[in-house]
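Residue numbering for the sequence shown follows my numbering, beginning at 214 and increasing consecutively.
Ideal Cβ positions, reconstructed from N, Cα and C, are used throughout, including at glycine.
The next block holds one structure in the form of structure tokens; read it before the comments.
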Amino acid sequence: MPALTAREVYQPLRDAAQGIRTFKRLDDPRTSSAVLVDIDGWRLTLEVDTGHLRHCLHGQSPDGREYAFDNGQRFGTDPVSLLSTWELAQIERLLA
214 MPALTAREVY
224 QPLRDAAQGI
234 RTFKRLDDPR
244 TSSAVLVDID
254 GWRLTLEVDT
264 GHLRHCLHGQ
274 SPDGREYAFD
284 NGQRFGTDPV
294 SLLSTWELAQ
304 IERLLA
């Protein structure tokens, strides 16, 4: 099975920001900077630092394909970097 691309993982984040998909936090907000969320069957682990979304560390689509963050990746290969300023603010609001 081919790995998910950043653009594929970006799409459910974008849709959640626009209210098209259901965004649900699955963990305790006080536990760590890695936050597990579900967006209509997509499981994403997001890195959040003092209320700011930094990276998507891991993603799994409903069909089982996966995405993994790599610090050595160039710009545009992290789904969070593809979010507009408004979309990013909406996701951060949903995480709060």
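Taken through DSSP and simplified to helix, strand or coil, A219 comes out as helix. Close CB contacts of D251 within its chain, under the 7 Å cut and outside five residues either way in sequence, are with K237, L239 (chain order). By the Cβ neighbour-count rule, R220 is exposed, with fewer than 16 other Cβ atoms within 10 Å of its own. In the structure shown, the three-state DSSP call for A309 is coil.
In the structure shown, the three-state DSSP call for D228 is helix.
The alpha carbon of G264 has as its nearest neighbour, out of L226, L301, P225, the alpha carbon of L301. In the structure shown, T258 adopts extended strand secondary structure according to DSSP, grouped into three states.
Approximately 11 Å separates the beta-carbon atoms of L307 and V261; this is outside 8 Å, ruling out the contact.
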